[in-house]
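Q:
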Amino acid sequence: MVAIKKILFPCDLTQHSIKILKYALGLADTFGSRLCILHVVQDLRHWAGLYMPHKRLDLEQKEVEEHARKSLVEFCLDIPDARTKAEKRVVSGDPAEEIIKSAGEEKADLIVMGTHGRTGLEYSLFGSVATKVVRHSPVPVLTVNPVNLK
Numbered sequence: 007m008v009a010i011k012k013i014l015f016p017c018d019l020t021q022h023s024i025k026i027l028k029y030a031l032g033l034a035d036t037f038g039s040r041l042c043i044l045h046v047v048q049d050l051r052h053w054a055g056l057y058m059p060h061k062r063l064d065l066e067q068k069e070v071e072e073h074a075r076k077s078l079v080e081f082c083l084d085i086p087d088a089r090t091k092a093e094k095r096v097v098s099g100d101p102a103e104e105i106i107k108s109a110g111e112e113k114a115d116l117i118v119m120g121t122h123g124r125t126g127l128e129y130s131l132f133g134s135v136a137t138k139v140v141r142h143s144p145v146p147v148l149t150v151n152p153v154n155l156k
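One point on numbering: in my numbering, the residue at position 125 of the sequence shown is 131, and numbering is uninterrupted.
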């Protein structure tokens, strides 16, 4: 028998993510698992070559992360189980890399994440976080198309 003690749910705080969050909470309830909601913000130091007057990037990054923490709390407000039962975590960096890293740090048994259905040129330019996670994850990944969820 497979034990799923912890589920990692990476989200981008969009309306689609709310549907997937409800799905992940249902899985957590079914398996008696803990749920960790993860939001990854872009590391502004990635753009260090760009000129940004009057502010140091490390200070700006702290502001971005704090705003993301508040946004994650607000994201969970209307869903009681997410508000009270789920752990919440914000990290900075490349989304796919940070999701994979967090799966190990959180000792997740499963990652549940959404797909955005990028195709063609958009996929070529931006790639797919879900595809990268599926390819490199140390644990199983369940991808969910939010369009088909209620």
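For glycine and all other residues, C-beta sits at the position ideal for the given N, C-alpha and C.
Keep in mind it's a predicted model, so treat the numbers as computed, not measured.
#1: List in chain order: all unbroken beta strand (DSSP E) runs of 3+ residues lying wholly within the segment 59 to 109.
#2: Buried or exposed: which applies to Pro-16, given that a residue is buried once 16 or more other Cβ atoms fall within 10 Å of its Cβ?
#3: Check whether the segment 85 to 92 and the segment 18 to 38 are in contact - that is, three or more C-beta pairs closer than 8 Å.
#4: If contact is defined by three or more beta carbon pairs under 8 Å, each pair taking one atom from either stretch, is the segment 92 to 106 in contact with the segment 33 to 51?
#5: Rounded to whole angstroms, what's the CA-CA distance from Val-135 to Asp-115? Just pull it up for me.
#6: Expressed to the nearest angstrom, what Euclidean distance is found between the alpha-carbon atoms of Ala-30 and Lys-68?
#7: Quick one: give me the first and last residue of the alpha helix (DSSP H) that Thr-36 is part of.
#8: Since Leu-41 and Ile-10 are thought to touch, with beta carbons under 8 Å apart, how far apart are those beta carbons, to the nearest angstrom?
#9: My output table needs one value for Val-153: the three-state DSSP class, helix, strand or coil.
#10: Here's a check: name, in chain order, each residue in its chain whose Cβ is nearer than 6 Å to the Cβ of Cys-82, leaving out the five neighbours to either side.
#11: What residue from His-142, Val-139, Leu-44, Gly-110 has the CA that sits closest to Ala-92's CA?
#12: Beta carbon of Val-147, beta carbon of Val-140: below 8 Å?
#13: Please work out which residues of its chain come closer than 7 Å, Cβ to Cβ, to Ala-74, disregarding the five sequence neighbours upstream and downstream, and give them in chain order.
#14: On the criterion of 16 or more Cβ atoms from any shown chain inside 10 Å, does Glu-104 qualify as buried, or is it exposed?
#15: Leu-155: which of Asp-84, Val-8, Lys-28 sits nearest, CA to CA?
A: Checking against the coordinates, here is how it stands:
#1: Listed in chain order, the complete beta strand (DSSP E) runs (minimum 3 residues) inside the segment 59 to 109 are 93 to 98.
#2: Classification for Pro-16: buried.
#3: Contact between the segment 85 to 92 and the segment 18 to 38 is present, because at least three Cβ pairs lie under 8 Å.
#4: Verdict: yes, contact present.
#5: Using only the alpha carbons, I get a separation of about 19 Å.
#6: Computed Cα separation, rounded: 29 Å.
#7: For Thr-36, the uninterrupted alpha helix (DSSP H) segment begins and ends at 21 to 37.
#8: Rounded, the Cβ-Cβ distance is 11 Å, inconsistent with contact.
#9: Three-state DSSP puts Val-153 in a helix.
#10: Within the same chain, and ignoring the five residues on either side of Cys-82 in sequence, the residues whose Cβ sits closer than 6 Å to its Cβ are Ala-88, Arg-89.
#11: Selected option, being the one with the closest Cα: Leu-44.
#12: Cβ distance < 8 Å, so Val-147 and Val-140 count as in contact.
#13: Closer than 7 Å at the Cβ level, and outside the excluded window around Ala-74, lie His-45, Val-47, Val-96.
#14: For Glu-104, the number of other beta carbons within 10 angstroms of its own is at least 16, and it is reported as buried.
#15: Nearest option by C-alpha distance: Lys-28.
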